[in-house]
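So the protein sequences, as listed, match chains E and B.
Going from the first sequence to our numbering is simple: count from 1 and add 7.
Going from the second sequence to our numbering is simple: count from 1 and add 1164.
Below is one structure, written out as structure tokens; the observations come after it.
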Amino acid sequence: MEETNKMEETTKKDEQTSTQKIGIYLWIWLLLFVLSFFSYMVDWYQFQGMLRWSLILFFMFLKAGLIMAFFMHLFWERYALVNVLLWPMTAIACFIFLMTAEFKYTLFSRFFYFVVGGA
Amino acid sequence: MSEQKIDGFELKPGFKGMASDTGSDQTMFKGVHWGKAMMWIFLLSDTFVFSCFLISYMKGRGSTIVDWPNTSEVFSLYVGGVPVPLLLIAIMTFVLITSSGTMALAVKYGYEKNRKMCGWLILATAVGGLTFVGMQVFEWSKLIHEGVRPWGNPFGASQFGSFFFMITGFHGFHVSIGVIFLFIYTYKVFAGHYESKKRGWFTKMKGDYVEIEILGLYWHFVDLVWVFIFAFFYLW
Chain E
8 MEETNKMEET
18 TKKDEQTSTQ
28 KIGIYLWIWL
38 LLFVLSFFSY
48 MVDWYQFQGM
58 LRWSLILFFM
68 FLKAGLIMAF
78 FMHLFWERYA
88 LVNVLLWPMT
98 AIACFIFLMT
108 AEFKYTLFSR
118 FFYFVVGGA
Chain B
1165 MSEQKIDGFE
1175 LKPGFKGMAS
1185 DTGSDQTMFK
1195 GVHWGKAMMW
1205 IFLLSDTFVF
1215 SCFLISYMKG
1225 RGSTIVDWPN
1235 TSEVFSLYVG
1245 GVPVPLLLIA
1255 IMTFVLITSS
1265 GTMALAVKYG
1275 YEKNRKMCGW
1285 LILATAVGGL
1295 TFVGMQVFEW
1305 SKLIHEGVRP
1315 WGNPFGASQF
1325 GSFFFMITGF
1335 HGFHVSIGVI
1345 FLFIYTYKVF
1355 AGHYESKKRG
1365 WFTKMKGDYV
1375 EIEILGLYWH
1385 FVDLVWVFIF
1395 AFFYLW
């Protein structure tokens, strides 16, 4: 019994040392504010076209990455967990690719039959 | 955060560690609390749900021959007679990020067994979430008042309303559930359930501050989804 108590104490100590310094959370927090401000500025200055879309995607992925890596602790997790979580995202990428082809086809047929009037 | 050492065994880092963890004929996620692993699996499935919504939105918006409403104008607020684009959405984004930051700190103070600080920070997170939902209610009622319906709206393509209500509604529902749990866990922390090892509901699991990290994972996920909605629905 005493030994298990001792073990609990040591694990408690280990847990305490494994928490991160407060500075890293505050930095990520500040970065998220700054990045959100920048992505709002994209709309404020009415950037258009490729510049708008690439900036939106850039800030979005940066913010998402920071939240997942540091706020959700993935940066410190073991690869067994990280890989189980991140690889399924490729299925989403495939789905996006497929549906891009699909909406282009739908748009084409709508123009062809509703606007042009068919063959 | 999982330990790098378990029962005196040094765990290998990186892909080698992943190979030995996976092929160890034991628990695969070494040093990860089961509740945390389960929350991650749930969040993964939730990611797919939200992805399907956003992809269907992409498909709907991409295939309509009517112009999509200009979100910059639709979501603008008048301040002193001047329209400010996306003002409410920007404030909502900042409120949600603020609450995400307080949650991250709550998890940290929880692991340090700083009960008071942890409790106050979770309460602050809950209040932030409540503010967010409140502003969303305001946004919805404003748009409904302006004639936006799931089947049509005065600004452009009729699909706009259905995607808007579906996507922001489902996100708002997640926030609301999160707020309820944040208030419950505020109570649990202040009542000292994690010091007295009081058991939770429907479980033999003894109360521990790891529950705050699990709650935090959910809350950060809600913020994460908003990052994507903000980018694709409001800014695009």
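Cβ atoms here follow ideal geometry from the backbone N, Cα and C, with glycine treated the same way.
Since we're looking at a predicted model, the values are computed, not measured.
Those residues which DSSP pairs with residue i across a bridge
i	result
B/I1170	B/F1173
B/R1313	B/G1316
Assigned secondary structure, residue i (DSSP; H/G/I helix, E/B strand, else coil)
i	result
B/Y1242	strand
B/I1362	A small correction: the amino acid at residue 1362 of chain B is Lys; Ile does not occupy that position in the sequence shown. The answer is coil: DSSP assigns B/K1362 none of H, G, I, E or B.
B/G1178	helix
B/V1124	A query on residue 1124 of chain B cannot be resolved here, the shown segment of chain B reaching from 1165 to 1400 and no further.
B/V1248	strand
B/K1370	strand
B/I1229	coil
E/W60	helix
B/Y1275	helix
E/G30	helix
E/F54	coil
E/R117	helix
B/H1384	helix
B/D1210	helix
B/W1400	coil
B/S1305	helix
Minimum Cβ-Cβ distance from residue i to chain E less than 9 Å
i	result
B/A1355	no
B/V1196	yes
B/C1216	yes
B/A1201	yes
B/T1289	no
B/P1233	no
B/E1377	yes
B/E1276	yes
B/W1204	yes
B/P1318	no
B/H1384	yes
B/M1247	The residue you asked about is not Met; residue 1247 of chain B is Pro in the sequence shown. Not one chain E Cβ lies under 9 Å of B/P1247.
B/V1210	According to the sequence as given, residue 1210 of chain B is Asp; it is not Val. Not closer than 9 Å to any Cβ of chain E, the Cβ of B/D1210 fails to qualify, so no.
Cα-Cα separation, residue i to residue j
i	j	result
B/S1209	B/F1385	12 Å
B/F1329	B/G1320	16 Å
E/F78	B/M1267	9 Å
B/F1239	B/L1250	5 Å
E/W36	E/L64	19 Å
E/K111	B/I1253	30 Å
B/L1294	B/F1302	12 Å
B/Q1323	B/G1336	20 Å
E/K19	E/L81	Reliability of the predicted coordinates at E/K19 is poor, the pLDDT of 47 falling under 50, and no value is obtained from them.
E/W34	B/I1255	20 Å
B/G1181	B/Y1351	39 Å
B/Y1242	B/V1248	6 Å
B/I1219	B/G1356	44 Å
From the options, residue whose alpha carbon lies closest to that of residue i
i	options	result
B/G1380	B/S1215, B/G1364, B/G1195, B/L1287	B/L1287
B/Y1398	B/N1317, B/Y1221, B/G1195	B/Y1221
B/A1270	B/F1179, B/W1400, B/W1383, B/I1393	B/W1383
E/W94	B/V1301, B/I1393, B/F1212	B/F1212
B/S1188	E/L114, E/G125, E/A87	E/A87
E/I31	E/A126, E/I74, E/Y120	E/I74
B/C1282	B/S1236, B/T1367, B/Y1373, B/F1327	B/Y1373
B/E1237	E/R117, E/D50, E/S43	E/D50
E/F45	E/R85, E/L69, E/I29, E/F102	E/L69
B/I1229	E/I29, E/A76, E/S116, E/G56	E/S116
B/V1389	E/A100, E/M67, E/L38	E/M67
Below-9 Å beta-carbon distance, residue i vs any chain B residue
i	result
E/R117	yes
E/T97	no
E/T26	yes
E/F102	yes
E/K122	Here residue 122 of chain E is Val; the residue named in the question, Lys, does not match the sequence. It does; some Cβ of chain B falls within 9 Å.
E/L58	no
E/V43	The residue you asked about is not Val; residue 43 of chain E is Ser in the sequence shown. At least one chain B Cβ lies under 9 Å of E/S43.
Proximity test, residue i beta-carbon vs the ligand COA heavy atom, cut-off 8 Å
i	result
B/A1201	Looking for the ligand COA in the displayed structure turns up nothing, as the structure carries no ligands at all.
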